[in-house]
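Here the working numbering is used: the first residue of the sequence shown is 118, the next is one more, and so on. Glycine included, every Cβ here is placed at the ideal spot set by N, Cα and C. In this text, all values refer to a predicted model and were calculated from it rather than measured experimentally. Take a look at the structure set out below.
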Amino acid sequence: MKNYPGLLIAVLFSTVLFIACKKEAGPGGLASIKGKVFATDVTASGTERDSNYIGDHRVYISVSGNSSHFDDVRTSYDGTYKFSSLRKGSYDVWTFGECDTCVWTQKKVMLTGVEISEKKQEVELPDLRIIL
Numbered sequence: 118m119k120n121y122p123g124l125l126i127a128v129l130f131s132t133v134l135f136i137a138c139k140k141e142a143g144p145g146g147l148a149s150i151k152g153k154v155f156a157t158d159v160t161a162s163g164t165e166r167d168s169n170y171i172g173d174h175r176v177y178i179s180v181s182g183n184s185s186h187f188d189d190v191r192t193s194y195d196g197t198y199k200f201s202s203l204r205k206g207s208y209d210v211w212t213f214g215e216c217d218t219c220v221w222t223q224k225k226v227m228l229t230g231v232e233i234s235e236k237k238q239e240v241e242l243p244d245l246r247i248i249l
């Protein structure tokens with residue numbers, strides 16, 4: 118009967134450790150997010166010249182709602198990109214268009230609230246579509 122205070126302290130300590138070890142969204146897990154970047158090249162008047170998936174284009178990722186990215190990758194020759202080693206949580210993925218002569222302004226293309234809900238999940242996103 119004298120061990121109850123010791124047992125109570127051990128249970129409380131274990132609970133605090135368990136709660137403190139809960140991982141938030143970000144790098145360090147086993148999940149991944151992948152997708153493609155599709156680019157359209159337009160003239161100054163807005164006429165389409167060409168369009169295709171674009172290689173060597175930078176894509177960024179952040180924890181949802183955070184304006185600072187924690188990783189960036191470049192697309193492969195076929196426009197694909199992949200962020201690996203992610204933990205469960207919500208993420209924002211974005212890239213930038215480079216159209217300085219477009220009739221309309223389109224710079225940042227963003228997918229928000231991309232959810233990873235399982236430890237080893239691979240999420241495939243719709244195309245990020247940019248104007249060049």
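Residue i (DSSP reduced to helix, strand or coil)
i: K151; result: strand
i: K237; result: coil
i: L203; result: strand
i: D209; result: strand
i: A142; result: coil
i: T160; result: coil
i: E215; result: coil
i: Y194; result: coil
i: K224; result: coil
i: L245; result: strand
Residues of its chain near residue i, where Cβ-Cβ distance is below 6 Å and the 5 sequence neighbours each way are ignored
i: F213; result: K224 and K225
i: G230; result: S181 and S207
i: Q238; result: A148
i: S168; result: T157
i: T153; result: Rather than Thr, the amino acid found at residue 153 in this sequence is Lys. Contacts found: Y170, G196, T197 and D244.
i: L242; result: G152 and L228
Residue-level contact to chain C via CB, residue i, 7 Å cutoff
i: T160; result: The displayed structure is made up of one protein chain only, and chain C is not part of it.
Continuous beta strand (DSSP E) stretch holding residue i: start and end
i: D329; result: The requested residue 329 does not occur in the structure, where the chain is confined to residues 118 to 249.
i: D167; result: E165 to Y170
Other residues of its chain near residue i: CB distance less than 7 Å, five sequence neighbours each side excluded
i: E215; result: L249
i: L203; result: P144, G146, A148, S149, I150 and I233
One or two residues paired with residue i in a DSSP bridge
i: S179; result: D209
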